[in-house]
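There are 2 protein chains.
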Amino acid sequence: MLPDDGFHALDRQECLRLLAKVPVGRVVYTRQALHAILPVNFGLDTDSSVILRTSASSHLVRAIDGAVVAFETDDFDAEERSGWSVVVTGRAAVVTDPAEHERLSRTGLRSWVDVQDGVFVRIESEMVTGRVVNGAGSADRRI
Amino acid sequence: MLPDDGFHALDRQECLRLLAKVPVGRVVYTRQALHAILPVNFGLDTDSSVILRTSASSHLVRAIDGAVVAFETDDFDAEERSGWSVVVTGRAAVVTDPAEHERLSRTGLRSWVDVQDGVFVRIESEMVTGRVVNGAGSADRRI
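Residue numbers (full-length UniProt numbering), protein chains in the order written: chain V, 1 to 143; chain D, 1 to 143.
This is the structure we're talking about:
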């Protein structure tokens, strides 16, 4: 519980359970010295790292290969004013090992868009944080 | 159109139109030298700046007041493999002018959670970018 914002913190296992429920997350990284954020579909590997599949020549790969990034997922119900968010923070790296690439290929993870030079990018789940808000019934509360 | 990732770019007016359609976005900023991302509900001011309402003593306010941040919204349909995302990049600042605070109070923007020392934070829409993906029919394409 964070006293200054009214949200409840989730533990790592709860975060990973929620992370597995949604198909899209957002990679947060630095591009030209500015914050950048890009939605992507993703999978979770057996070690709970986040796996993306994208073009080897994409801006994203050039920006994040070898860098520490954040990866966020969430799900909110605006009517209920409730929901959750999970953030994974860790090093991102293109999967270069052929055996590992082949293993990940068998998971069936595919990009939503059509690119030719596909690679897998792994984001290590070095730090996993999450929080829930349940604002139901708070409609009359200012702020 | 970005040739390396198959998405279509949106112009500023299209981005602002989409931004007005969703209640929740994500503030991207730096916290303890790491990327941080926090979902928040928001409103749009008449000058298209993004308005948040939160606690004056929150971690978020301490981290972003006076800093350049990104603010992202999106909406995706996983079945159709389609959707859009919009990112506003600009300086964030707590609204300190009493008349401006009063004006924004009349817009009815409220936080989803209950905090006492509410302030408005304005994120200037200095740079507005967006993109759409329509992956329908691409189910057989490997990334």
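Yeah, the Cβ is synthetic: ideal placement off N, Cα and C, and Gly gets one too.
The model shown is predicted, which means the values in this text are computed figures rather than measured ones.
Check, Outcome
"Determine the direct distance from the alpha carbon of residue 69 (chain D) to that of residue 205 (chain D), and round the result to whole angstroms.", "What is shown of chain D runs 1 to 143, which leaves residue 205 (chain D) out entirely."
"Would you please verify whether the beta carbon of residue 35 (chain V) is less than 8 Å from any beta carbon of chain D?", "yes"
"Just mark residue 72 (chain V) as buried or exposed, buried being the case when its beta carbon has 16 or more other beta carbons within 10 Å.", "buried"
"Is there a C-beta anywhere in chain D that falls below 8 Å from the one on residue 69 (chain V)?", "yes"
"Starting from the beta carbon of residue 135 (chain D), find every residue of chain V whose beta carbon is closer than 7 Å, and list them in chain order.", "112, 113"
"Looking at the C-beta of residue 72 (chain D), does it have a partner C-beta in chain V at a distance below 8 Å?", "yes"
"Against residue 85 (chain D), what residues of chain V qualify as contacts under a CB-to-CB distance less than 7 Å, listed in chain order?", "39"
"With a threshold of 8 Å, are at least 3 pairs of Cβ atoms found where one atom belongs to the region 108-116 of chain V and the other to the region 126-135 of chain V?", "no"
"Are the C-beta atoms of residue 78 (chain V) and some chain D residue less than 8 Å apart?", "yes"
"Would you list the one or two residues that DSSP bridges to residue 130 (chain V)?", "V:10, V:86"
"Excluding sequence positions up to five away, which residues of its chain have a Cβ less than 7 Å from the Cβ of residue 14 (chain D)?", "130"
"Can you check which of these residues, D:119, D:115, D:85, is closest to residue 22 (chain D) by C-alpha distance?", "D:85"
"Going along the region 85-99 of chain V in order, which residues come within less than 7 Å of chain D, judged by CB to CB distance?", "85, 87, 89"
"Who are the neighbours of residue 7 (chain D) on chain V, taking C-beta pairs under 7 Å?", "113"
"Under 7 Å Cβ-Cβ, which residues of chain V neighbour residue 81 (chain D)?", "112"
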